[in-house]
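Protein chains: 2
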Amino acid sequence: MSMFRKVAIIGVGLIGGSIGLAIKKKKLAKTIAGVSRHKESLSAAKKKGAIDSGSCSLDIIKGADLVILATPVNTIIELAPKIACLVSKDCLVTDVGSTKEEVNKRLSGIFPNYLGSHPLAGSEKRGVANARADLFRGSLCILTPLQNTNRRGIEKIKLLWRSFGARVILLSPVEHDKILSFVSHLAHIAAFSLIAAVPGEYFKFASSGLKDTTRIAASESELWADIFLSNRRNILEAMNLLEGDLSRIREAIAKKDKRGLAAILQHAAKKRKALANL
Amino acid sequence: MSMFRKVAIIGVGLIGGSIGLAIKKKKLAKTIAGVSRHKESLSAAKKKGAIDSGSCSLDIIKGADLVILATPVNTIIELAPKIACLVSKDCLVTDVGSTKEEVNKRLSGIFPNYLGSHPLAGSEKRGVANARADLFRGSLCILTPLQNTNRRGIEKIKLLWRSFGARVILLSPVEHDKILSFVSHLAHIAAFSLIAAVPGEYFKFASSGLKDTTRIAASESELWADIFLSNRRNILEAMNLLEGDLSRIREAIAKKDKRGLAAILQHAAKKRKALANL
Numbered sequence: 001m002s003m004f005r006k007v008a009i010i011g012v013g014l015i016g017g018s019i020g021l022a023i024k025k026k027k028l029a030k031t032i033a034g035v036s037r038h039k040e041s042l043s044a045a046k047k048k049g050a051i052d053s054g055s056c057s058l059d060i061i062k063g064a065d066l067v068i069l070a071t072p073v074n075t076i077i078e079l080a081p082k083i084a085c086l087v088s089k090d091c092l093v094t095d096v097g098s099t100k101e102e103v104n105k106r107l108s109g110i111f112p113n114y115l116g117s118h119p120l121a122g123s124e125k126r127g128v129a130n131a132r133a134d135l136f137r138g139s140l141c142i143l144t145p146l147q148n149t150n151r152r153g154i155e156k157i158k159l160l161w162r163s164f165g166a167r168v169i170l171l172s173p174v175e176h177d178k179i180l181s182f183v184s185h186l187a188h189i190a191a192f193s194l195i196a197a198v199p200g201e202y203f204k205f206a207s208s209g210l211k212d213t214t215r216i217a218a219s220e221s222e223l224w225a226d227i228f229l230s231n232r233r234n235i236l237e238a239m240n241l242l243e244g245d246l247s248r249i250r251e252a253i254a255k256k257d258k259r260g261l262a263a264i265l266q267h268a269a270k271k272r273k274a275l276a277n278l
Numbered sequence: 279m280s281m282f283r284k285v286a287i288i289g290v291g292l293i294g295g296s297i298g299l300a301i302k303k304k305k306l307a308k309t310i311a312g313v314s315r316h317k318e319s320l321s322a323a324k325k326k327g328a329i330d331s332g333s334c335s336l337d338i339i340k341g342a343d344l345v346i347l348a349t350p351v352n353t354i355i356e357l358a359p360k361i362a363c364l365v366s367k368d369c370l371v372t373d374v375g376s377t378k379e380e381v382n383k384r385l386s387g388i389f390p391n392y393l394g395s396h397p398l399a400g401s402e403k404r405g406v407a408n409a410r411a412d413l414f415r416g417s418l419c420i421l422t423p424l425q426n427t428n429r430r431g432i433e434k435i436k437l438l439w440r441s442f443g444a445r446v447i448l449l450s451p452v453e454h455d456k457i458l459s460f461v462s463h464l465a466h467i468a469a470f471s472l473i474a475a476v477p478g479e480y481f482k483f484a485s486s487g488l489k490d491t492t493r494i495a496a497s498e499s500e501l502w503a504d505i506f507l508s509n510r511r512n513i514l515e516a517m518n519l520l521e522g523d524l525s526r527i528r529e530a531i532a533k534k535d536k537r538g539l540a541a542i543l544q545h546a547a548k549k550r551k552a553l554a555n556l
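As structure tokens, then:
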């Protein structure tokens with residue numbers, strides 16, 4: 001017996017498409033309906049086998065027992081009330097938004113069976129063309145239940161991500177957004193700023209160091225503008241720390257303080273090695 | 279006939295060791311002498327076949343027709359006068375230091391046949407243990423001749439790097455240091471600062487984005503402190519630009535200016551895609 005009768009995936013890009021492929025591979029649903037603003041994405045997703053049927057209209061989600069919102073954060077919030085009119089109260093609802101506090105606040109007020117998900121498995125690549133059934137294998141998926149989130153719903157969503165090969169961790173939405181502001185959002189801001197600062201005419205001298213350090217700056221700008229704005233307070237605090245560390249390095253260089261500079265760099269290198277050994 | 283009779287490599291770490299292995303592989307020298315402060319590095323280099331003989335004393339370099347200084351920048355400058363007493367005026371001398379203006383100024387005053395090299399082929403890994411004969415294959419090597427640098431010497435050093443599989447570009451030391459302050463030094467500063475800013479207890483939530491963005495922050499702190507101080511003026515200017523870009527992103531986030539923020543990010547993403555397509 002399948003875990004779900006009908007799964008509806010709203011947004012069939014890299015993440016939505018990969019979820020469809022993973023559900024199909026594991027035979028977790030009898031049918032998958034996909035929704036997108038773009039007809040081309042729907043036909044690509046269908047051709048790839050990520051969805052069984054697709055539509056630009058939300059009506060196609062009727063009868064779903066699981067809805068997965070896989071659009072940028074602000075679109076998740078925009079679509080939620082429209083989706084609520086189309087599904088039963090029993091329908092399990094999750095999203096894969098990159099920030100959770102605001103989304104949880106809104107969606108938990110709209111859906112009785114809502115639970116936030118955040119699979120840490122993105123990429124600077126986008127679109128269903130890059131979707132893969134094994135995108136989540138070995139990755140981390142954070143679930144953000146609230147006090148009153150239905151226990152059975154949590155177990156079912158946990159099982160879903162685990163069957164995709166992800167490790168599941170539960171955090172409060174507040175903890176999630178604080179942690180992600182550092183490990184993901186600040187890293188993107190550093191990468192965007194760095195590539196912006198390097199004159200394009202010097203690119204031909206770039207080695208793998210610059211390329212790796214800025215890889216994630218090729219990410220979609222609209223999506224990341226949304227993420228940064230939906231986690232504003234945490235990100236501004238994290239930026240304070242980054243700017244403080246830059247200032248300390250600047251000061252040591254300006255003062256020709258080799259000892260102080262080496263100490264700052266050594267501390268950083270030690271942390272980076274600890275990250276490698278995790 | 280070999281290109282060189284006796285090559286002396288001062289510093290048998292990742293770069294010095296890889297040069298030894300590449301010379302051996304291409305049979306470009308009759309013999310290679312290695313110098314290091316550490317006996318263990320010398321025996322490891324010998325065992326690996328990167329050098330034929332090794333010593334902690336510079337005396338071993340006598341009779342060399344090519345000397346390659348492969349130590350950190352400040353050690354290159356320290357050792358140069360001692361080396362000058364041990365080799366003939368005809369001896370070709372090069373170094374692999376990461377900054378060139380200061381090194382060129384000092385070494386061209388000491389050695390009649392000096393030409394600066396900078397192979398852009400390092401790694402955050404270090405030591406002869408990680409040395410490989412093909413480290414330079416497909417990489418870029420910048421040579422920094424001055425007006426009066428001997429033409430035959432330039433051709434010989436060019437040929438050496440080309441036979442290692444590197445593409446060779448000639449730049450003035452001033453241009454080199456300006457360009458490298460952006461494509462290499464600023465990237466390292468961004469990576470060191472970013473990892474310093476992220477609380478260690480959040481590392482278990484790090485995905486490949488943070489790891490790639492900070493990979494080069496695992497680099498050797500003493501070496502990089504030297505590089506930053508020997509290219510101070512350029513680096514402080516490059517940092518101004520990075521800090522300016524960070525401020526612009528901060529301001530757009532603080533003002534909730536989604537349009538302005540997306541425009542900044544899009545410009546950066548476009549640059550990063552241009553870098554990928556080079």
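As they're listed, the protein sequences go chains S and R.
With the working numbering, letter number 57 in the first sequence gets 57, and the count goes up by one each step, no holes.
Each position in the second sequence, counted from 1, maps to that position plus 278 in the working numbering.
For every residue, glycine included, the Cβ atom is placed at its ideal position computed from N, Cα and C.
Among the options, nearest to residue i - alpha-carbon criterion
i              : options                        : result
C56 (chain S)  : S:K270, S:V7, S:G34, S:A44     : S:G34
I154 (chain S) : S:V73, S:F4, S:N234, S:L92     : S:L92
K6 (chain S)   : S:I169, S:V103, S:G54, S:S36   : S:G54
L210 (chain S) : R:T492, R:I473, R:K308, R:A465 : R:A465
R410 (chain R) : R:L514, R:I293, R:F282, R:F483 : R:I293
L543 (chain R) : S:R152, S:G17, S:A262, S:F192  : S:F192
D65 (chain S)  : S:P72, S:A84, S:I76            : S:A84
A263 (chain S) : R:N352, R:D504, R:I339         : R:D504
I527 (chain R) : S:A70, S:I235, S:S172          : S:I235
I216 (chain S) : S:K204, S:A206, S:I195, S:R233 : S:I195
F506 (chain R) : S:F205, S:N231, S:N240, S:A252 : S:A252
C-beta neighbour in chain R for residue i, strict 9 Å
i              : result
K273 (chain S) : yes
A196 (chain S) : yes
P72 (chain S)  : no
H38 (chain S)  : no
K27 (chain S)  : no
M3 (chain S)   : no
D65 (chain S)  : no
I253 (chain S) : yes
G122 (chain S) : yes
V183 (chain S) : yes
P173 (chain S) : no
W161 (chain S) : no
Distance, residue j Cα to residue i Cα
i              : j              : result
V452 (chain R) : E379 (chain R) : 6 Å
W161 (chain S) : S208 (chain S) : 34 Å
I10 (chain S)  : L413 (chain R) : 47 Å
S219 (chain S) : L320 (chain R) : 45 Å
E243 (chain S) : P477 (chain R) : 15 Å
S184 (chain S) : S123 (chain S) : 12 Å
D90 (chain S)  : K27 (chain S)  : 22 Å
I110 (chain S) : E78 (chain S)  : 12 Å
I435 (chain R) : G341 (chain R) : 18 Å
L393 (chain R) : A328 (chain R) : 23 Å
P145 (chain S) : N113 (chain S) : 11 Å
K549 (chain R) : N148 (chain S) : 46 Å
K39 (chain S)  : K47 (chain S)  : 12 Å
C230 (chain R) : R167 (chain S) : Residue 230 (chain R) is absent from the model: chain R starts at 279 and stops at 556.
L275 (chain S) : S98 (chain S)  : 22 Å
Cβ of residue i within 9 Å of any chain S Cβ
i              : result
R384 (chain R) : no
A484 (chain R) : yes
R415 (chain R) : no
L448 (chain R) : no
L320 (chain R) : no
Residue(s) in a DSSP beta bridge with residue i
i              : result
I15 (chain S)  : Bridge partners of I15 (chain S): none, in fact.
V128 (chain S) : Answer is none; V128 (chain S) lacks a bridge partner.
R167 (chain S) : S:L140
K6 (chain S)   : S:T31
V345 (chain R) : R:A286, R:V371
Simplified DSSP assignment, three categories, for residue i
i              : result
T372 (chain R) : strand
T31 (chain S)  : strand
S111 (chain S) : The sequence as given places Phe at residue 111 (chain S); Ser does not occur at that position. The answer is coil: DSSP assigns F111 (chain S) none of H, G, I, E or B.
T353 (chain R) : helix
F460 (chain R) : helix
G54 (chain S)  : strand
V198 (chain S) : coil
S314 (chain R) : coil
G279 (chain S) : Chain S is shown only over 1 to 278; residue 279 (chain S) falls outside these bounds and no answer can be derived.
P119 (chain S) : strand
Q147 (chain S) : coil
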